[in-house]
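Student: Positions 1 to 426 (UniProt numbering) are the ones given, in order, by the sequence shown.
By construction, the Cβ of each residue, glycine as well, lies at the ideal position given by its N, Cα and C atoms.
Since the model is a prediction, treat every value here as computed from it, not as a measurement.
I have a structure I would like to understand better, so I am pasting it below and will then ask my questions one at a time.
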Amino acid sequence: MHEDRPRAPSSPAPAAQEGGKPEADTAPDARTAPVPEVTKGQHALTIEDIARLSGVSTKTVSRVLNHSSVVSDAMRARVEGVIARTGFVPNAQARALALRRNFLVALVHDGRDRGIAEEVEDGLLDAMADSDYALLVHRVPGFSPAPQFAPRRTDAHAAPNPDTVLAPLTRFIARHRPAGLLALPPLSEHPGLAEACTQAGVSCLRIGATRDGMGLAGPDRAAMAQAVSWLVAAGHRRIALVSGPETGFGAQAREMGYLDAMADHGLDRGPSLIEPGDYSRASGLAAGRLLLELSPRPSAILACNDAMAAGVLQAAHERALAVPGELSVIGFDDTPLAELTAPPLSSVHLDWRAIAAEAFARIVDPDRKHPSKQDRPLDAYAGYRLVERGSNAPLAPPAPRYRQTTRAPAPPPGPAIKTPPQHEAD
């Protein structure tokens with residue numbers, strides 16, 4: 001199931017020049033040269049016309065149109081001057097045929113975290129504004145990095161079965177041949193996704209999966225570490241975590257952020273304070289039950305997504321624990337579910353629009369995929385914040401303990417004093 005989205009804007013950029021250096025001026029200056037007058041009745045200007053009038057190659061004009069960083073400022077000004085004076089508007093279909101390149105960007109996800117998917121779609125559409133690119137959205141349900149949940153104390157996670165989605169995903173790529181494909185987690189963690197894109201000659205970017213040079217790491221680690229610090233600032237010291245699938249890149253980053261912050265604050269981060277989940281509410285409920293059996297009990301529990309945090313809330317309700325009075329709970333991703341729980345769930349919000357904009361820029365501009373830029377921390381251009389609702393609060397001070405003091409025994413009661421009867425006067 002897929003659907004075309006309206007053409008959207010952003011900052012594209014095509015292939016880099018050999019050597020990676022800006023192109024030098026090799027033709028006469030066309031910024032002031034006379035440009036033949038072209039009327040609407042004559043013919044539609046083409047990229048070849050702009051190249052001829054500018055005295056450059058069609059490849060250079062294409063790079064200018066795509067805002068490539070390998071074109072010198074002088075040459076860019078020359079081409080843009082010709083474009084401005086002629087009123088040239090590039091034709092996306094003609095450019096696609098001439099460059100043998102499709103101007104479609106595909107977004108694939110599994111349909112579960114629709115709030116995140118919609119925010120990424122909006123970010124991509126904003127980034128595509130004024131470009132020739134269009135967005136194609138495709139849903140591929142059925143993949144999970146850890147489809148069967150089992151608490152760490154009993155059985156190990158079941159191995160993923162990615163074959164259920166690889167075939168339809170490969171057919172989708174072969175059918176549409178997009179210029180680039182952007183995958184959201186957990187689909188981005190599919191082991192066959194990168195190979196399928198490589199064989200089809202499609203640029204691939206996997207959000208949250210940073211291996212094989214086709215990934216874009218989010219600020220998950222830093223955001224989870226900050227969530228721990230927020231709780232510590234509120235007085236909490238015994239903080240537990242419901243982690244995500246052990247095979248998930250994003251889940252690993254969030255767990256590492258938790259461990260980083262617990263160590264930085266000198267707090268206990270023993271394995272008993274971490275219970276695994278599979279991003280489902282049921283796994284959060286199971287993990288929450290185990291964590292709330294600990295003695296001493298955690299005063300706060302973080303979860304690697306909102307669904308598992310909702311399960312923790314249910315476990316607290318089962319034990320008649322007041323949230324946030326006796327237990328603080330914080331989720332992650334700030335999905336619509338966070339507003340539907342009782343109490344409403346506080347959650348870590350990632351700037352998915354900024355992540356989408358950076359992903360689009362890397363998809364259409366190969367120069368931005370250089371490893372030195374790929375390793376750049378995403379929180380440099382995509383922030384995060386805690387959205388506080390009703391599930392977290394400062395740690396309540398312990399109830400005062402009253403010490404029993406020894407008092408002198410009360411004296412025994414004395415003999416009863418009899419009151420003589422009163423006689424009425426005659």
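1) Among all the DSSP beta bridges, which residues are the ones paired with ILE207?
2) Using the beta-carbon count (16 or more within 10 Å), is VAL89 buried or exposed?
3) How long is the line joining the alpha carbons of THR60 and ALA51, rounded to whole angstroms?
4) So, ALA179 versus VAL105, is the Cβ gap smaller than 8 angstroms?
5) So, GLU189 versus GLY248, is the Cβ gap smaller than 8 angstroms?
6) State the Cα-Cα distance for the pair ARG206 and ALA303, rounded to the nearest angstrom.
7) Does DSSP put GLY41 in a helix, a strand or coil?
8) Provide the residue span of the beta strand (DSSP E) that contains TYR279, from first to last.
9) Would you call the CB atoms of GLY123 and ILE355 closer than 8 angstroms?
10) Looking only at DSSP bridge pairs, what is GLY331 linked to?
11) Where do the N-terminal and C-terminal ends of the alpha helix (DSSP H) with GLY250 fall, by residue?
12) Note down, in chain order, each residue of its chain lying with its Cβ closer than 6 angstroms to the Cβ of ARG221, except the 5 sequence neighbours on either side.
13) Taking buried to mean at least 16 other C-beta atoms within 10 Å of its own C-beta, is HIS236 buried or exposed?
14) Can you tell me whether residue 434 is buried or exposed? The criterion is at least 16 other CB atoms within 10 Å of its CB, across all chains shown.
15) To the nearest angstrom, report how far apart GLY270 and VAL312 are at their CA atoms.
16) Give the DSSP-derived three-state secondary structure of LYS21 in the structure shown.
17) Can you tell which of GLU358, ALA167, LEU291 and PRO344 has the C-alpha that lies nearest to the C-alpha of LEU182?
18) Using a Cβ distance threshold of 8 angstroms, determine whether the region 318–326 contacts the region 269–284, with at least three qualifying pairs required.
19) Taking the continuous alpha helix (DSSP H) assigned at LEU124, which residues delimit it?
20) Going by DSSP, what residue range makes up the beta strand (DSSP E) through ARG78?
21) Around the C-beta of ARG177, are 16 or more other C-beta atoms found within 10 angstroms, so that it is buried, or is it exposed?
22) With DSSP as the reference, identify every bridge partner of TYR384, one or two as the case may be.
23) Going by CA-CA distance only, name the one from ALA361, TRP352 and PRO344 that's closest to ARG389.
24) Does any CB atom of chain B fall closer than 8 angstroms to the CB of LEU345?
25) Return the CA-CA distance between ILE83 and ALA300, expressed in angstroms with no decimal places.
26) Please identify the residue among ALA307, ASP132, LEU259 and LEU290 whose C-alpha is closest to the C-alpha of THR341.
27) Which residue or residues does DSSP assign as beta-bridge partners of SER243?
28) Under the assumption that LEU216 contacts LEU193 (Cβ atoms under 8 angstroms), give the Cβ distance between them as a whole number of angstroms.
29) Measuring alpha carbon to alpha carbon, tell me which residue in SER283, MET224 and ALA251 is nearest ASP260.
30) Just checking my contact of ALA200 with LEU166 at CB under 8 angstroms: how many whole Å lie between their CB atoms?
31) Between LYS40 and ARG85, what straight-line distance do the alpha-carbon atoms span, to the nearest angstrom?
32) Who are the Cβ neighbours of HIS349 in its own chain at under 7 angstroms, not counting the five residues just before and after it?
33) Which stretch, first to last residue, makes up the alpha helix (DSSP H) that contains GLY235?
34) Taking the continuous beta strand (DSSP E) assigned at ALA183, which residues delimit it?
35) To the nearest whole angstrom, what separates the beta carbons of GLY250 and PRO296, a pair I think is in contact under 8 angstroms?
36) In three-state terms, what does DSSP make of ALA338?
Tutor: The structure says:
1) Position 207 of the sequence shown, counting from 1, holds the residue named residue 207. LEU216, per the DSSP bridge assignment.
2) Numbered from 1 along the sequence shown, position 89 holds the residue referred to as residue 89. VAL89 comes out exposed.
3) In the sequence shown, the residue the question calls residue 60 occupies position 60. In the sequence shown, the residue the question calls residue 51 occupies position 51. If I take the Cα positions, the gap works out to 8 angstroms.
4) In the sequence shown, counting from the first residue as 1, residue 179 sits at position 179. In the sequence shown, counting from the first residue as 1, residue 105 sits at position 105. Taking 8 angstroms as the Cβ cut-off, ALA179 and VAL105 qualify as a contacting pair.
5) For the purposes of this step, residue 189 is identified with residue 189 of the sequence shown, where counting begins at 1. For the purposes of this step, residue 248 is identified with residue 248 of the sequence shown, where counting begins at 1. In contact: GLU189 and GLY248 (Cβ atoms closer than 8 angstroms).
6) Indexing the sequence shown from 1 puts residue 206 at position 206. Indexing the sequence shown from 1 puts residue 303 at position 303. One C-alpha to the other measures close to 23 angstroms.
7) In the sequence shown, the residue the question calls residue 41 occupies position 41. Residue placement at GLY41 is flagged as unreliable, the pLDDT there being 39, under the threshold of 50; a coordinate-derived value is accordingly withheld.
8) By 1-based counting over the sequence shown, the position of residue 279 is 279. In the DSSP annotation of this structure, TYR279 is not part of any beta strand (DSSP E), being labelled neither H nor E.
9) One-based indexing of the sequence shown puts residue 123 at position 123. One-based indexing of the sequence shown puts residue 355 at position 355. Against a cut-off of 8 angstroms, the Cβ pair of ILE355 and GLY123 comes out as a contact.
10) Numbered from 1 along the sequence shown, position 331 holds the residue referred to as residue 331. SER347.
11) Reading the sequence shown from its first residue, position 250 is the one you call residue 250. Per DSSP, GLY250 belongs to the alpha helix (DSSP H) from 249–264.
12) In the sequence shown, counting from the first residue as 1, residue 221 sits at position 221. Counting only Cβ-Cβ distances below 6 angstroms, and skipping sequence neighbours, we find ALA253, MET256 and GLY257.
13) For the purposes of this step, residue 236 is taken as the residue at position 236 of the sequence shown. HIS236 is classed as buried because its beta carbon has at least 16 other beta carbons within 10 Å across all chains shown.
14) Residue 434 falls outside the range modelled here, since the chain spans only 1 to 426, and no answer is possible.
15) Counted from its first residue, the sequence shown places residue 270 at position 270. Counted from its first residue, the sequence shown places residue 312 at position 312. Roughly 19 angstroms separates the two Cα atoms.
16) Walking along the sequence shown from the start, residue 21 turns up at place 21. Summary for LYS21: the model assigns pLDDT 47, below 50, so the residue's position carries little reliability; its value from the coordinates is reported in the next sentence. Of the three classes helix, strand and coil, the one that applies to LYS21 here is coil, per DSSP.
17) Here residue 182 refers to the residue found at position 182 when the sequence shown is read from its first residue. Ranking GLU358, ALA167, LEU291 and PRO344 by Cα distance to LEU182 puts GLU358 first.
18) no
19) Residue mapping note: residue 124 aligns to position 124 of the sequence shown, counting from 1. Per DSSP, LEU124 is one residue of the alpha helix (DSSP H) stretching across 114–127.
20) Within the sequence shown, the letter at position 78 stands for residue 78. Segment 73–86 is the alpha helix (DSSP H) holding ARG78; no beta strand (DSSP E) there.
21) Within the sequence shown, residue 177 is the residue found at index 177, counting from 1. So ARG177 ends up on the exposed side.
22) Taking the first residue of the sequence shown as 1, we reach residue 384 at position 384. Answer by DSSP bridge pairing, in chain order: LEU350.
23) Position 389 of the sequence shown holds residue 389. With distances taken between Cα atoms, ARG389 lies closest to PRO344.
24) Here there is only one protein chain, and chain B is not present.
25) Taking the sequence shown and counting its residues from 1, one reaches residue 83 at position 83. Taking the sequence shown and counting its residues from 1, one reaches residue 300 at position 300. So the two alpha carbons sit approximately 60 angstroms from each other.
26) Counted from its first residue, the sequence shown places residue 341 at position 341. The option with the nearest alpha carbon to THR341 is ALA307.
27) Within the sequence shown, the letter at position 243 stands for residue 243. Looking at the DSSP assignment, SER243 forms a beta bridge with PRO276.
28) Residue mapping note: residue 216 aligns to position 216 of the sequence shown, counting from 1. Residue mapping note: residue 193 aligns to position 193 of the sequence shown, counting from 1. Not really, about 13 angstroms apart at Cβ, beyond 8 angstroms.
29) If you number the sequence shown from 1, residue 260 lands on position 260. Nearest C-alpha to ASP260: MET224.
30) What you label residue 200 is simply residue 200 of the sequence shown in a count that begins at 1. What you label residue 166 is simply residue 166 of the sequence shown in a count that begins at 1. Under the criterion of beta carbons closer than 8 angstroms, ALA200 and LEU166 do not qualify as touching, at roughly 13 angstroms.
31) Here residue 40 corresponds to residue number 40 of the sequence shown, with the count starting at 1. Here residue 85 corresponds to residue number 85 of the sequence shown, with the count starting at 1. Model confidence at LYS40 stands at a pLDDT of 39, short of 50, so the residue's coordinates are unreliable; what they give is reported in the following sentence. Spanning the two alpha carbons is a distance of roughly 14 angstroms.
32) Working through the sequence shown from its first residue, we reach residue 349 at position 349. Here the set comprises ASP334, TYR384, ARG385 and VAL387.
33) The residue you call residue 235 lines up with position 235 of the sequence shown. For GLY235, no alpha helix (DSSP H) run applies, since DSSP gives it neither H nor E.
34) Position 183 of the sequence shown, counted from the start, is the residue given in the question as residue 183. From DSSP, the beta strand (DSSP E) with ALA183 extends over 180–183.
35) To locate residue 250, count along the sequence shown from 1; it is residue 250. To locate residue 296, count along the sequence shown from 1; it is residue 296. Contact flag wrong, Cβ pair sits at about 30 angstroms.
36) Indexing the sequence shown from 1 puts residue 338 at position 338. In the structure shown, ALA338 sits in a helix (DSSP, three-state: H, G or I).
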